[in-house]
Each structure stands twice: as structure tokens, then as C-alpha cells.
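Right, one structure below, let's go through it.
2 protein chains.
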Amino acid sequence: MTRPDSRSQVALLRVLRDEGPRSRAELGDLTGLTRPKLMAEIARLEQLGLVRHGGQAASRGGRRSTMVSIDPHVRFVAVAIGATSIDVAVTDGHLGILDRRSEAADVRQGPKVVLRRVAELVNKLRAEHGKALTGIGIGVPGPVRFPDGVLVSPPLMPGWNRYPVRDNFARKYGCPVLVDNDVNVMAVGEQWGGVARSVDNFLFVKIGTGIGCGIVVHGEVYRGIDGCAGDIGHINVDPDGPVCACGNTGCLDSVFSGAALSRDAAAAAGSGSSPVLAARLEQHGTVTPIDVADAAAEGDPVAVRLIRQGGRRLGLVLSGLVGFMNPSLIVIGGGLSNLGHVLLADIRGVVYRRSLPMASGNLPIVLSELGETAGVIGAAATISDHVFRIS
Amino acid sequence: MTRPDSRSQVALLRVLRDEGPRSRAELGDLTGLTRPKLMAEIARLEQLGLVRHGGQAASRGGRRSTMVSIDPHVRFVAVAIGATSIDVAVTDGHLGILDRRSEAADVRQGPKVVLRRVAELVNKLRAEHGKALTGIGIGVPGPVRFPDGVLVSPPLMPGWNRYPVRDNFARKYGCPVLVDNDVNVMAVGEQWGGVARSVDNFLFVKIGTGIGCGIVVHGEVYRGIDGCAGDIGHINVDPDGPVCACGNTGCLDSVFSGAALSRDAAAAAGSGSSPVLAARLEQHGTVTPIDVADAAAEGDPVAVRLIRQGGRRLGLVLSGLVGFMNPSLIVIGGGLSNLGHVLLADIRGVVYRRSLPMASGNLPIVLSELGETAGVIGAAATISDHVFRIS
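Chains as they are written, first to last, in our numbering: chain G, 166 to 556; chain C, 166 to 556.
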């Protein structure tokens with residue numbers, strides 16, 4: 166497949182992707198193209214297999230105009246690889262999810278094992294929804310050198326350093342592939358179809374096994390010089406805190422993250438201070454953040470305290486970042502965002518109390534709208550942006 | 166005065182500003198303009214009073230080419246207003262400082278008093294170096310709503326909120342005026358003519374009465390949604406720390422800044438733990454950060470400890486920002502940067518130890534090259550960028 170080769174084609178593709186089928190007359194109005202130019206650009210996009218004509222629009226008084234839409238055969242595959250899960254979806258050209266498969270996984274098993282399972286899920290989805298893929302977007306839980314599509318020195322991901330994830334998939338499926346950090350991808354998802362729609366400067370905070378942050382500046386993901394911007398999990402929140410996997414003490418990740426919450430909940434269960442968590446531990450042999458959320462929902466004071474403490478710690482970090490970045494919105498997402506409004510209340514409490522009024526006066530702090538689909542929708546938006554642009 | 170009206174004119178002005186006089190032949194090579202187009206653009210810039218022809222270039226083999234330079238009558242006035250000082254300079258079109266006047270001031274006296282003194286200094290400089298001003302750049306020690314040229318809710322600056330600084334000067338001098346936050350201005354200075362030359366993503370940290378940070382992203386100052394980005398003085402570094410002027414406890418400003426250092430040094434002098442500082446206190450009735458620097462240079466262990474503690478606190482904040490922003494350079498400037506390499510060593514120690522290797526592996530942390538002229542050179546660069554662009 167080749168790409169659109171003019172700005173007008175890109176504009177047409179984005180309108181059709183984001184707003185659905187439009188009549189030629191409407192497209193003329195929206196893009197300001199003359200009729201012959203519009204016809205030529207649409208013809209070119211049809212040739213590329215990206216749009217198609219179909220049906221007649223309702224009359225606007227004169228002759229009825231022909232409808233144009235993204236070609237119904239356009240298929241994006243969106244992959245969200247987390248530390249402990251794989252999530253694969255196939256979407257149409259409007260980024261509507263046609264089908265989605267998720268399974269538990271352990272990223273520490275290395276790229277060969279994990280990517281083979283991703284490929285199996287992709288193949289199943291292709292078998293049911295169309296073999297030819299327009300593009301594949303992949304989010305991975307570590308720093309990515311974006312131009313090369315490789316992870317670079319990801320912590321806790323043995324074997325992934327510089328593994329050619331993008332080229333591996335591009336060869337296998339013969340289509341454009343883009344790889345980015347999972348949190349950046351989720352930020353793009355919220356920006357495309359979630360709570361950050363039409364917001365140009367915001368932070369997306371993912372609370373999962375670890376904590377990370379996607380930074381959107383002037384409408385674009387900001388990746389930093391080495392592709393590792395947004396690594397907020399190792400900001401110090403307690404000089405006397407526990408030792409973190411990175412070797413320092415008191416990192417945010419070490420006091421509040423999926424891993425830290427499981428550790429603290431297991432300790433509370435073991436010490437007998439929380440019978441509810443103790444029961445969970447006995448039942449499953451482990452205590453997960455979901456158990457803590459459930460226990461908090463049942464009114465277990467220890468679980469509520471763990472969540473609130475974590476919210477305050479994260480709030481302290483975010484209040485610093487609000488002063489530094491002066492964003493217009495903070496979105497909280499990731500697995501632990503299902504700790505919900507208890508967590509959000511404490512985050513907000515600290516940020517609004519500690520930040521200068523000018524920076525936080527008009528600053529909404531909200532939960533992700535896309536929730537667990539932020540990763541795959543973001544991956545689809547990322548790859549569609551890449552395909553629907555001038556090559 | 167009107168502005169250049171084409172991209173080629175802007176390109177010509179920037180080359181001449183940054184690289185000095187060039188022959189027409191060289192300008193043709195540098196800009197890729199055809200000879201007639203080049204002649205027309207130069208003629209237009211001469212008409213605007215921004216460039217002039219003069220002298221013959223050395224022969225390149227054929228006919229000798231005429232030299233072109235920024236008009237020698239071009240004058241930029243650069244104003245750096247700090248919490249406790251005013252610094253005014255007049256530059257030529259190459260941003261070379263022709264003259265400079267500084268005096269102590271107290272920004273808390275309000276805009277009328279302070280700006281009247283600025284105007285007096287400007288008038289003296291005009292009387293000696295040319296009445297017609299090409300533009301005025303002004304740095305102020307608080308958050309600025311950049312499009313309007315007004316300070317918005319600046320802390321500790323009574324009377325300045327929304328005071329029309331830009332319009333006041335524009336009316337008085339009949340030339341373009343730009344107002345920006347002092348730290349942003351200093352960052353632009355280092356980028357134009359200091360240690361951050363040709364660096365596109367860096368942080369400029371000013372340690373003065375308070376601590377602030379200029380953020381340069383993709384070559385441009387990042388101001389945030391309300392113009393107050395870079396406010397790192399209120400990042401929490403010690404939950405049990407002293408109460409800050411903002412009302413919170415343990416802000417960076419409250420444990421390390423000019424004000425905090427003076428407070429701690431006076432306490433050390435009073436308690437008798439540092440005879441060197443006590444002597445200073447007795448002599449001047451106060452202890453300034455310069456006294457602490459001098460005492461440290463004399464080997465006073467209390468002064469050295471105060472500086473090193475401060476460096477570690479600032480280092481902790483910067484290590485968090487390194488993870489978040491992944492910049493390619495950190496520049497340390499402002500009055501307290503004359504605490505010098507003792508301070509720098511401790512900042513570096515913490516940042517390199519606490520940051521993930523990927524983000525800090527190639528990260529230089531250096532002292533400002535422009536030192537005390539960063540403010541006025543930055544103000545001149547800011548206003549010249551504004552004048553040397555398409556209106």
C-alpha cells in the first residue's frame with residue numbers, strides 16, 4: 166500500500182475517519198477544494214483502497230450528491246502490551262473496535278514468547294475480519310526510540326532491549342507498523358476519542374504495575390530526547406521510603422503502584438490488621454489491586470487507607486508537575502484507576518491544595534473516559550495518523 | 166516601523182544578526198535566492214531601515230560583491246527586572262551590548278515606581294546611543310500572559326497583577342515591546358548566545374531570590390496554558406520543612422533559594438556555629454547569599470554545608486524533572502549560580518545517582534555561560550526575534 170500524496174487527501178481521510186461518511190458536496194465545503202480537484206483526490210484515494218463511493222446523499226435542493234466513506238475493507242490492528250497483559254483489537258477505518266482479545270501475559274518472558282502470542286491473536290482476528298491490514302499500532306510498557314520502533318533499556322523487561330518489534334511485525338504482515346510507549350499511546354487514545362478530545366496540552370497518568378505519564382504538548386506527544394519522557398514513577402516522594410526496583414529509595418513506584426499496593430495489602434493481610442484482605446490472600450494465595458478495590462468497596466478501612474495514602478503521594482508528585490508544566494487537563498487511567506473516586510478525591514485534594522491558584526484554578530483532574538480500551542484505541546489512532554498522512 | 170513581509174527577508178535578517186555582515190554573493194548562497202529576488206528583498210529591508218549596503222567584499226575571483234549588514238542604527242533595549250534589581254542594556258542589531266546600567270530595586274514597590282526607574286535608565290541609554298528604538302524586550306520576575314504582555318497573579322509583587330507593562334512602554338517609545346517571564350528570557354539568552362546554543366530541548370534553572378525554570382521544547386519556550394509553566398520553586402522536597410511564602414510546607418523555595426539561604430545563614434551566624442558568617446552579620450546587619458559564597462570560599466564549613474544541602478535538594482527536584490522531561494541539557498543560572506562548582510557538584514551527584522541511566526547518561530548539567538548578562542541578552546534576543554519576523 167502507498168500513502169496519500171497530498172495535504173488535501175490527508176484532510177479528506179481525517180474528516181472521513183473522525184466524522185463518518187460525507188457527501189461530495191459536504192467534503193467540498195469542509196475542505197474548500199474545487200470540484201475537479203476534489204474528484205481527483207477522491208479518485209486517488211479510491212485507487213489506494215482507502216476510500217470508496219457509495220449511495221446517494223439526501224438532496225440539498227439540487228442534484229443529489231454521492232456519498233464518500235473510508236473503504237470498508239480498511240483494517241487497523243491495535244496492540245497494547247502491558248507488564249502483565251496483552252490486549253489486541255481490530256478496528257475499521259473509523260477506529261471502531263470490531264473485535265478484541267485480551268489475555269494475561271508476563272512481559273518478562275521476553276519478546277519472542279510475548280510477540281508470538283500477540284501474533285496468534287492478530288491471526289485469529291485477521292481470519293475473522295479481513296486478512297489485509299492497513300496498519301498495526303503497538304504500545305509497549307517501556308521507553309521507545311520512536312523513529313526505530315525499538316525499546317531502549319526498558320527496566321524489568323529482559324530481552325526486549327533494542328529488539329526489533331516494529332520490523333518484526335512489518336515483515337510478517339507487510340503493512341506499516343508503529344511502536345510507542347504504552348502511556349503515550351493511551352494519551353493519544355484519550356485525545357482522539359476520550360476525555361481529552363480537542364485538548365492540546367495535557368498529562369495522562371497511567372497507574373498500573375508501575376506509574377507513567379504521557380505528555381501532550383501543542384497537540385503532539387512529547388517524547389523527550391531519548392524517548393523516555395514521562396517517567397514519573399521514580400520521582401522521590403519519601404526519602405525514607407522503601408527501596409525501589411531501580412535501586413533508589415522512596416520512588417513513587419515503590420510507595421504507590423500496582424506492585425506496591427499488592428505488597429502493602431499482603432502485609433496488611435499477613436499482620437491481621439485487615440480480615441477482608443486476609444480472606445482474599447487465603448483464597449487466592451495473593452492480593453491484587455483489584456482485591457484492594459473490592460475490599461475498599463466493602464468498607465475495609467485498611468484498604469481505604471492504602472488507596473488514600475497512595476492518592477496523596479501521587480497528588481504530591483502531580484502538584485509539582487502542575488507547577489512545572491501548567492497543563493490544561495490531567496487524565497488518570499490505567500488498571501488502578503478503577504480504585505475510582507476515593508483515589509481521585511485524594512489526588513485532587515493534594516493538587517488543589519498545593520498548587521498555586523493560577524496553575525490549578527481551571528485544571529480538571531478526571532478519570533480516563535476510555536478506561537481499559539484507551540490502549541487499543543490509542544494504538545489504532547497512532548497508526549491511522551501515521552497511515553493517513555503524506556509519505 | 167513596519168516589519169519584514171516575507172520569509173526571505175526574515176532569513177536574511179537572522180543571518181545578518183547572528184553571523185555579521187555578508188556579501189551579496191554569500192547571502193545568495195546562504196538563502197538560495199536568485200539575484201533579482203535577493204536584490205529586491207535587500208532593497209525592501211533597506212527601506213525599512215533594518216539593513217544597509219556598505220563597502221566591497223573581497224573578490225571571489227570575479228567582480229567584487231557589495232557587503233550587506235544590519236543597519237548600524239538598529240537599537241534594541243533589553244530590560245531584566247528581578248525581585249531586587251533592575252538591569253537595562255542597549256544593543257546593536259547583532260545583540261552586542263553597547264551599554265548597560267544596573268541598580269538595586271525592590272519589585273514590591275509596585276510597577277509605577279519600578280517602571281519609572283527603568284524608563285529613566287532607558288532614557289539615559291537613548292540619549293547616548295540613539296533615540297530611535299527598534300524594539301524593547303522586558304523580563305519580569307513572575308508569570309506572564311504572553312499575548313497580552315501583562316503579569317498575572319505574580320506572588321510577592323503587589324500592584325503588578327495585570328498592570329499593562331507592555332502597552333505602557335509601547336506607548337512611551339513608539340516601538341514593538343515584548344514582556345516575558347525573567348527565567349524564560351534567560352533561557353532564550355543561553356539558547357541564542359550561551360551554553361545552550363543550537364540546543365532544542367533544555368531546562369534553564371534560575372536560582373535567585375526564588376527558584377524558577379525555563380523550559381525549551383522543540384526550540385521554543387514552553388509557557389503552559391496560563392503562562393506559569395516552570396514554577397518549580399513550590400515543588401515539595403520535605404513534607405516536614407519550613408512554611409513557604411505560598412502557605413505550604415517544604416517547598417523547594419523554602420529550603421533553598423536566595424531568601425532561604427539568607428535566613429539559614431543568619432541563623433547560623435546568630436547561633437555562633439559560624440564565626441565567619443557572624444562577622445558578616447555584624448558588619449552589614451544582614452547575611453546575603455554572596456556572604457555565604459564568600460564564607461564557603463574561605464573554607465567556612467557551615468557555609469559549605471548550607472550550599473551542599475541546597476544543591477542536594479535542588480538535585481532531587483531536577484532528577485524528577487529529568488525523568489519527566491528527558492531534556493538534553495540543564496543550565497544552572499541566576500544570582501546564586503555564583504555559589505559555583507560546590508553547588509554544581511551536589512546537584513550533579515543527586516541527578517546522576519537518582520535518574521534512570523537512559524535519561525541522564527548523556528545529560529550535561531552546566532553553569533550558565535552568560536552569567537549576569539543572560540537576562541538582558543535574552544531580552545534582546547526575544548525582542549529581535551519578534552521584530553525580525555513576518556508581521
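Beta carbons are placed, not taken as given, at the ideal position from N, Cα and C, and that holds for glycine. Just so it is clear, the structure is predicted and the values come from calculations on it, not from any experiment.
So the candidates are G:356, G:424 and G:339; which of them puts its Cα closest to the Cα of residue 375 (chain G)?
For the purposes of this step, residue 375 (chain G) is taken as residue 210 along the first sequence, with counting starting at 1. Taking only the C-alpha atoms, the option nearest residue 375 (chain G) is G:424.
Let me check one thing: in DSSP terms, what residues is residue 232 (chain C) bridge-paired to?
Against the second sequence, residue 232 (chain C) aligns to sequence position 67. Its beta-bridge partners are C:188.
Give me the subset of the stretch 480 to 495 of chain G whose CB atoms are less than 8 angstroms from a CB atom of chain C, sorted by chain position.
481, 482, 484, 485, 486, 488, 489, 490, 491, 492 and 493
Using Cβ-Cβ distances below 9 angstroms, what residues of the stretch 517 to 528 of chain G are close to chain C?
So the close ones are 518, 519, 520, 521, 522, 523, 524, 526, 527 and 528.
Using the C-alpha atoms, what's the distance from residue 555 (chain G) back to residue 315 (chain C)?
To locate residue 315 (chain C), count along the second sequence from 1; it is residue 150. To locate residue 555 (chain G), count along the first sequence from 1; it is residue 390. Using only the alpha carbons, I get a separation of about 41 angstroms.
So, helix, strand or coil for residue 401 (chain C), using DSSP?
Walking along the second sequence from the start, residue 401 (chain C) turns up at place 236. Looking at residue 401 (chain C) - three-state DSSP - the assignment turns out to be strand.
Which of helix, strand or coil does DSSP assign to residue 371 (chain C)?
Reading the second sequence from its first residue, position 206 is the one you call residue 371 (chain C). Reduced to three states, the DSSP call for residue 371 (chain C) is strand.
Should residue 383 (chain G) go down as buried or exposed, given a rule of 16 or more other Cβ atoms within 10 Å for buried?
As a first step, residue 383 (chain G) is located in the first sequence; it is residue number 218 there, counting from the start. That one is exposed.
Sorted by chain position, which residues of the same chain lie with C-beta nearer than 8 angstroms to residue 391 (chain G)'s C-beta, five sequence neighbours on each side aside?
Position 226 of the first sequence, counted from the start, is the residue given in the question as residue 391 (chain G). Once the five neighbours on either side are set aside, the close Cβ partners of residue 391 (chain G) are 308, 310 and 317.
Taking residue 547 (chain C) as part of the beta strand (DSSP E), name the residues at either end of that continuous run.
Here the question's residue 547 (chain C) lines up with position 382 in the second sequence. Unbroken run through residue 547 (chain C) is the alpha helix (DSSP H), 539 to 552; no beta strand (DSSP E).
Can you tell me where the beta strand (DSSP E) holding residue 221 (chain G) begins and where it ends?
For this step, residue 221 (chain G) is matched to residue 56 along the first sequence. Counting along the chain, the beta strand (DSSP E) containing residue 221 (chain G) begins and ends at 216 to 221.
Count the other C-beta atoms from every protein chain shown that fall within 10 angstroms of the C-beta of residue 371 (chain G), then say buried if there are 16 or more, exposed otherwise.
The sequence position of residue 371 (chain G) within the first sequence is 206, counting from 1. Residue 371 (chain G) comes out buried.
Am I right that residue 457 (chain G) and residue 472 (chain G) are in contact with their C-beta atoms under 8 angstroms? What's the rounded C-beta distance?
Walking along the first sequence from the start, residue 457 (chain G) turns up at place 292. Walking along the first sequence from the start, residue 472 (chain G) turns up at place 307. About 7 angstroms separates the two Cβ atoms, so the contact holds.
At 3 residues or longer, what runs of the beta strand (DSSP E) sit wholly inside the stretch 436 to 484 of chain C?
none
Output, in sequence order along the chain, the residues in the stretch 319 to 336 of chain G whose CB is closer than 8 angstroms to any CB in chain C.
320
Does residue 407 (chain G) come within less than 8 angstroms of chain C when only Cβ atoms are used?
The count along the first sequence starts at 1 and reaches residue 407 (chain G) at position 242. False, the Cβ-Cβ gap to chain C never drops below 8 angstroms.
In chain G, what lies closer than 9 angstroms to residue 218 (chain C) by C-beta?
Residue 218 (chain C) sits at position 53 when you count from the first residue of the second sequence. Neighbours of residue 218 (chain C) on chain G: none; closest Cβ ~40 angstroms, over 9 angstroms.
Which term fits residue 232 (chain C), buried or exposed, when burial requires 16 or more other beta carbons within 10 angstroms of its beta carbon?
For this step, residue 232 (chain C) is matched to residue 67 along the second sequence. The residue is buried, with at least 16 neighbouring Cβ atoms inside 10 Å.
Please classify residue 172 (chain G): does DSSP put it in a helix, a strand, or coil?
Here residue 172 (chain G) is taken as the residue at index 7 of the first sequence, counted from 1. DSSP places residue 172 (chain G) in helix when its eight states are reduced to three.
Rounded to the nearest angstrom, what separates residue 271 (chain C) and residue 248 (chain C) at their Cα positions?
Counted from its first residue, the second sequence places residue 271 (chain C) at position 106. Counted from its first residue, the second sequence places residue 248 (chain C) at position 83. Each residue's Cα considered, the two are about 6 angstroms apart.
For residue 236 (chain C), which residues of its own chain have a beta-carbon under 7 angstroms away from its beta-carbon, when the five flanking residues on both sides are left out?
Taking the second sequence and counting its residues from 1, one reaches residue 236 (chain C) at position 71. The answer, listed in chain order, is 214, 215, 216, 217 and 258.
Could you spell out the range, first to last residue, of the alpha helix (DSSP H) harbouring residue 343 (chain G)?
For the purposes of this step, residue 343 (chain G) is taken as the residue at position 178 of the first sequence. Here residue 343 (chain G) belongs to no alpha helix (DSSP H); instead the beta strand (DSSP E) covers 342 to 346.
Does residue 397 (chain C) come within less than 8 angstroms of chain G when only Cβ atoms are used?
Walking along the second sequence from the start, residue 397 (chain C) turns up at place 232. Closer than 8 angstroms: yes.
For residue 511 (chain G), which option in G:530, G:524 and G:494 has the closest C-alpha, if you only look at C-alpha atoms?
The sequence position of residue 511 (chain G) within the first sequence is 346, counting from 1. The option with the nearest alpha carbon to residue 511 (chain G) is G:530.
Touch check for the stretch 524 to 542 of chain G and the stretch 495 to 507 of chain G: three-plus C-beta pairs under 8 angstroms?
yes
If you pair each beta-carbon of the stretch 325 to 336 of chain C with each one of the stretch 434 to 451 of chain C, do three or more pairs fall below 8 angstroms?
no
Could you tell me which uninterrupted beta strand (DSSP E) segments, each at least 3 residues in length, are contained entirely in the stretch 290 to 329 of chain G, listed from first to last along the chain?
300 to 305
Which chain C residues sit within Cβ distance under 7 angstroms of residue 387 (chain G)?
Numbered from its first residue, the first sequence carries residue 387 (chain G) at position 222. The answer, in chain order, is 382.
Under 6 angstroms Cβ to Cβ from residue 639 (chain G), same chain only, skipping five residues before and after it: list those, please.
Nothing in the structure corresponds to residue 639 (chain G), since chain G is present only between 166 and 556.
Where does residue 390 (chain G) fall in DSSP's three states?
Within the first sequence, numbered from 1, the residue matching residue 390 (chain G) stands at position 225. Three-state DSSP puts residue 390 (chain G) in coil, outside helix and strand.
Run through DSSP, which three-state label would residue 193 (chain G) get?
For the purposes of this step, residue 193 (chain G) is taken as the residue at position 28 of the first sequence. Residue 193 (chain G): helix per DSSP, three-state reduction.
Can you pull the chain C neighbours of residue 411 (chain G), defined as C-beta to C-beta under 9 angstroms?
Here residue 411 (chain G) corresponds to residue number 246 of the first sequence, with the count starting at 1. Within 9 angstroms Cβ-Cβ: 519 and 521.
If residue 230 (chain G) sits next to residue 190 (chain G), beta carbons under 8 angstroms apart, how far is it from one beta carbon to the other, in whole angstroms?
Locating residue 230 (chain G) in the first sequence gives position 65, where the first residue counts as 1. Locating residue 190 (chain G) in the first sequence gives position 25, where the first residue counts as 1. About 4 angstroms; that satisfies the 8 angstroms criterion.
Quick one: using the 10 Å Cβ neighbour count with 16 as the cut-off for buried, is residue 492 (chain G) buried or exposed?
Counting from one through the first sequence, the residue named residue 492 (chain G) turns up at place 327. Residue 492 (chain G) is buried by the Cβ-count criterion.
Anyone know if the C-beta pair for residue 358 (chain G) and residue 263 (chain G) falls short of 8 angstroms?
Taking the first sequence and counting its residues from 1, one reaches residue 358 (chain G) at position 193. Taking the first sequence and counting its residues from 1, one reaches residue 263 (chain G) at position 98. Cβ distance not < 8 angstroms, so residue 358 (chain G) and residue 263 (chain G) don't count as in contact.
Of all Cβ atoms in chain G, is any one closer than 8 angstroms to the Cβ of residue 308 (chain C)?
Residue numbering aside, residue 308 (chain C) sits at position 143 when the second sequence is read from its first letter. Yes, because at least one Cβ of chain G sits closer than 8 angstroms to the Cβ of residue 308 (chain C).
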